[in-house]
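Below is one structure; the comments refer to it alone.
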Amino acid sequence: MKVGLFIPCYIDQFYPQVGIATLSLLEKLGCEVVYPQGQTCCGQPMANSGFEHLTSGCNTLFVDHFQDFDYIVGPSGSCVLHIKDHLHVHGREDKATHIRQRIYELSEFLTDVLKVEHLQARFPHRVGIHQSCHGQRGLGISQMSELVAAPFSKPQQLLKMVEGLELVELKRTDECCGFGGTFCVFEEAVSVKMGKDRIADHVNNGAEYITGNDVSCLMHLEGILKRQQSNVKVLHIAEILNASIN
Amino acid sequence: MEHKHQEHAALADTFNANEPRVNWHDETLWWVRQKRDRMAWSLPEWEELREAASRIKHNVLGNLHDYLLEFEKNAVANGAVVHWAADAAEHNKIVLQLLQEQGVKRMVKSKSMLTEECHLNPYLAEHGIEVVDTDLGERIVQLAKEPPSHIVLPCIHKKKEEIGELFHEHLGTPAGNADPKFLTAAARQHLRKEFIQSRVAITGVNFAVAETGEMVVCTNEGNADMGAHLADVHIACMGLEKIIPQRKHLGVFLRLLARSATGQPITTYSSHFRKPKAGQQLHIVLVDNGRSRQLGREDFRNSLKCIRCGACMNTCPVYRRSGGHSYHNAIAGPIGSILAPNLDMKEYADLPFASTLCGSCSNVCPVKIDIHQQLYKWRQVITKEGYTGKTKAAGMHAMNIVLSKPGLYKTAGGVGRWVMRTFPAVVNNGMNPWYKQREMPAPPKDSFADWYKKNRK
Ligand code: SF4
Chain A
1 MKVGLFIPCY IDQFYPQVGI ATLSLLEKLG CEVVYPQGQT CCGQPMANSG FEHLTSGCNT
61 LFVDHFQDFD YIVGPSGSCV LHIKDHLHVH GREDKATHIR QRIYELSEFL TDVLKVEHLQ
121 ARFPHRVGIH QSCHGQRGLG ISQMSELVAA PFSKPQQLLK MVEGLELVEL KRTDECCGFG
181 GTFCVFEEAV SVKMGKDRIA DHVNNGAEYI TGNDVSCLMH LEGILKRQQS NVKVLHIAEI
241 LNASIN
Chain B
1 MEHKHQEHAA LADTFNANEP RVNWHDETLW WVRQKRDRMA WSLPEWEELR EAASRIKHNV
61 LGNLHDYLLE FEKNAVANGA VVHWAADAAE HNKIVLQLLQ EQGVKRMVKS KSMLTEECHL
121 NPYLAEHGIE VVDTDLGERI VQLAKEPPSH IVLPCIHKKK EEIGELFHEH LGTPAGNADP
181 KFLTAAARQH LRKEFIQSRV AITGVNFAVA ETGEMVVCTN EGNADMGAHL ADVHIACMGL
241 EKIIPQRKHL GVFLRLLARS ATGQPITTYS SHFRKPKAGQ QLHIVLVDNG RSRQLGREDF
301 RNSLKCIRCG ACMNTCPVYR RSGGHSYHNA IAGPIGSILA PNLDMKEYAD LPFASTLCGS
361 CSNVCPVKID IHQQLYKWRQ VITKEGYTGK TKAAGMHAMN IVLSKPGLYK TAGGVGRWVM
421 RTFPAVVNNG MNPWYKQREM PAPPKDSFAD WYKKNRK
């Protein structure tokens with residue numbers, strides 16, 4: 001099984017440790033992983049801002065780099081969702097379709113494709129999960145509080161395999177953190193207020209760490225936590241699932 | 001009506017200056033959302049009901065023409081007079097004319113967001129006719145000279161103390177009394193007089209049944225009943241999309257509406273109006289006002305399924321923290337943001353961007369409108385029409401150039417991180433809205449691509 005590793009631009013630039021954890025985790029679990037050099041971005045920042053018509057460069061690059069893999073895996077729900085919903089390249093639609101059908105967010109790849117049941121990981125801390133909306137409501141990574149349906153959560157399923165980790169309960173299980181792409185700067189006041197409220201829910205319930213499947217949301221929450229000089233830290237789920245057993 | 005409005009972001013910024021108030025607004029609406037959740041979970045068939053409602057409306061939208069004519073035929077046979085209004089101006093003119101025929105200077109109104117959309121009250125005021133809104137929430141915002149901030153809870157932005165003050169000033173209640181029970185009783189006394197004296201009553205319409213030509217109005221205070229039964233003339237104003245095919249479909253919608261709106265199993269009064277009683281006139285004004293245009297926009301036609309329950313507002317994390325008035329439109333929140341650009345794309349170009357696209361609205365919507373997807377699509381339309389700010393457009397073009405060329409992206413990323421590490425003040429300054437209340441991420445020396453090259457290849 002050949003896995004193409006998709007590392008979104010902001011992870012590449014600002015959170016390389018998340019890419020490293022993702023790669024190392026997939027390798028530990030027996031995948032043959034290749035990171036195609038020269039990939040840049042999925043195009044989402046432009047598309048969500050109303051400039052989908054400017055994404056053809058990104059789309060072409062994406063198809064160039066990922067058309068030959070059995071699976072494409074990325075540690076970001078929102079970038080994966082963007083590709084799933086919007087990747088089209090004129091004249092190469094079969095390749096684009098292959099990618100759209102074969103791209104997975106990391107945690108769903110672990111639960112649904114690799115069907116992981118055990119992990120060699122230890123993280124003895126109290127952890128809150130921030131359910132990023134695009135992963136949750138877009139990709140269906142976990143049950144959504146608005147729907148009358150049976151509960152499930154892929155990230156939670158994985159985190160429960162981590163030794164010593166204690167999950168904290170939240171008052172609002174899946175409220176948006178307010179990142180929202182360019183929303184975070186164009187609607188600064190509301191964005192920050194949403195982030196502060198999201199953090200308060202975790203902190204009030206005793207979280208030492210906030211984790212999630214989307215570095216963009218975590219970057220926003222981390223920015224607020226640092227400004228508040230809080231001791232609470234954020235970690236991408238890959239970093240926890242890959243945490244050393246010792 | 002000439003005014004230069006502020007955009008959502010600026011209005012939301014002002015709203016957020018008072019954080020305790022934002023907390024209160026957020027908690028109040030979240031409480032309603034939770035009531036809605038409990039009610040939804042009390043019906044195991046909830047998701048099937050939503051699906052059924054969505055499909056019934058789908059059928060209505062596909063055959064609107066026929067259903068409207070069927071409704072008109074039956075309504076006329078029942079003794080109602082049916083008027084057609086192409087837009088807000090025509091609607092207002094029709095209503096004015098009916099009022100002038102009666103020679104009234106004052107009349108009562110209940111439950112109509114449509115007349116808000118058409119700005120009926122100020123129009124009638126210009127012609128010397130005063131409208132008294134009779135639903136408690138509407139009356140409160142009317143006394144405060146404000147528009148409603150929510151379609152179901154029009155004065156949800158007001159605290160009870162503020163309402164006490166308003167009543168003290170306008171209705172003569174004792175100063176400092178903010179007991180909701182007492183204030184409600186006072187409002188009832190005051191409105192009773194209006195009901196008894198009013199010869200004309202306007203109501204909205206929640207559902208109009210094509211098969212029977214009847215209309216249903218849902219209220220919790222019974223004011224639509226009171227107004228319509230006491231007056232000589234009942235004018236019911238409705239948007240074209242309020243039609244449902246058959247009476248039996250009411251069961252689906254009435255079960256969904258109240259649960260989604262306020263978490264009640266059913267609204268206190270579901271009043272059916274079919275025939276005018278002896279000596280009374282019943283007028284129905286069917287209003288298009290952009291609806292047929294929206295019907296013709298394939299990506300947005302689903303928005304006409306809306307039954308105005310307000311659930312999308314209560315669940316919207318942005319609405320809860322920016323307040324209804326920040327949407328500067330009669331209908332606020334997620335649904336307002338997809339309806340408004342159809343009315344005036346330039347005026348409301350900001351609204352589809354006032355969302356994180358979290359998708360919670362689409363999930364609560366009882367008729368399954370793909371609200372957040374329509375917001376995304378409006379963004380594309382608005383940008384193509386040239387209504388996005390120049391700075392944003394320039395930024396996006398630059399981004400496109402960098403991201404389309406791997407070499408340039410690598411250099412730019414490297415340079416960017418180096419600048420951030422070396423001269424943090426370049427990005428950590430007041431011009432950067434990210435930095436105002438958040439720290440920037442610490443830029444690493446190597447990107448992931450750099451690391452990979454060194455360690456894997
Ligand atoms: S869009 Fe849906 S949730 Fe929002 S008011 Fe209309 S029916 Fe209710």
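In order, the protein sequences belong to chains A and B. The first sequence begins at 1 in full-length UniProt numbering and counts up by one. The second sequence begins at 1 in full-length UniProt numbering and counts up by one. Idealized CB from N, CA, C, for every residue including glycine. All of these numbers come straight from a predicted model, not from anything done at the bench.
Contact list for residue i against chain A, beta-carbon separation under 8 Å
i	result
Val22/B	Lys193
Trp434/B	Cys184, Val185, Glu188 and Gly223
7 Å Cβ cutoff, residue i in contact with chain B
i	result
Tyr209/A	no
Phe44/A	Per the sequence shown, the amino acid found at residue 44/A is Gln instead of Phe. Closer than 7 Å: no.
Met161/A	no
Thr173/A	no
Val3/A	no
Glu117/A	no
Tyr71/A	no
Phe14/A	yes
Cys31/A	no
residue 248/A	A question about residue 248/A goes unanswered here, because the residues of chain A that appear run from 1 up to 246.
Arg137/A	yes
Cys217/A	no
Gly91/A	no
Thr40/A	yes
Residue i beta carbon near the ligand SF4 (any heavy atom closer than 6 Å)
i	result
Cys218/B	no
Val200/B	no
Gly310/B	yes
Val152/B	no
Ile307/B	yes
Cys9/A	no
Cys365/B	yes
Ile156/B	no
Ile243/B	no
Ile338/B	no
Ile141/A	no
residue 511/B	Residue 511/B lies beyond the stretch modelled for chain B, which goes from 1 to 457, so this question has no answer here.
Ile56/B	no
Ile335/B	yes
Chain-ordered neighbours of residue i on chain A, where CB pairs are closer than 7 Å
i	result
Ala12/B	Glu187, Ala189 and Val190
Gly176/B	Those do not exist, as Gly176/B stays about 31 Å from chain A at its closest Cβ, beyond 7 Å.
Met399/B	Pro45 and Met46
Val364/B	Glu146
Val318/B	Val190
Chain A within 7 Å of residue i, Cβ atoms only
i	result
Gln6/B	no
Ser270/B	no
Trp84/B	no
Ser112/B	no
Tyr348/B	no
Contacts of residue i in chain B (Cβ-Cβ under 9 Å)
i	result
Val232/A	What Val232/A touches in chain B: nothing, since even the nearest Cβ is about 14 Å away.
Phe109/A	Chain B residues near Phe109/A: none, gap ~18 Å exceeds 9 Å.
Exposure label - residue i; buried when at least 16 CB within 10 Å
i	result
Glu117/B	buried
His127/B	exposed
Pro265/B	exposed
His397/B	exposed
Phe152/A	exposed
Val253/B	With the sequence shown as reference, residue 253/B is identified as Phe, and Val is not the correct amino acid for it. With 16 or more other Cβ atoms within 10 Å, it is buried.
Phe207/B	buried
Contact list for residue i against chain B, beta-carbon separation under 7 Å
i	result
residue 248/A	The structure shown does not extend to residue 248/A, since chain A is modelled only from 1 through 246, so no value can be given for it.
Ile7/A	Phe448
Chain A residues whose Cβ lies nearer than 9 Å to that of residue i
i	result
Gln380/B	Ala47, Gly50, Phe51, Glu52 and His53
Pro443/B	Gln13 and Phe14
Residues that residue i contacts on chain B, provided the C-beta gap is smaller than 8 Å
i	result
Cys133/A	Thr356, Leu357, Cys358, Gly359 and Ser360
Ala149/A	Glu47
Tyr104/A	Those within 8 Å of Tyr104/A in chain B number zero; the least Cβ separation is about 19 Å.
Gly19/A	Phe448, Trp451 and Tyr452
Phe152/A	Near Phe152/A there are no residues of chain B at all, since even the closest Cβ is about 16 Å away, more than 8 Å.
>> Would the region 97 to 108 of chain A count as touching the region 66 to 85 of chain A if we require 3 or more Cβ pairs under 8 Å?
In response: yes
Report task. Check whether the region 132 to 140 of chain A touches the region 209 to 222 of chain A, taking contact to mean three or more Cβ pairs, one atom from each stretch, closer than 8 Å. Result -> yes
Do the region 108 to 120 of chain A and the region 195 to 203 of chain A touch if we need at least three Cβ pairs shorter than 8 Å? no
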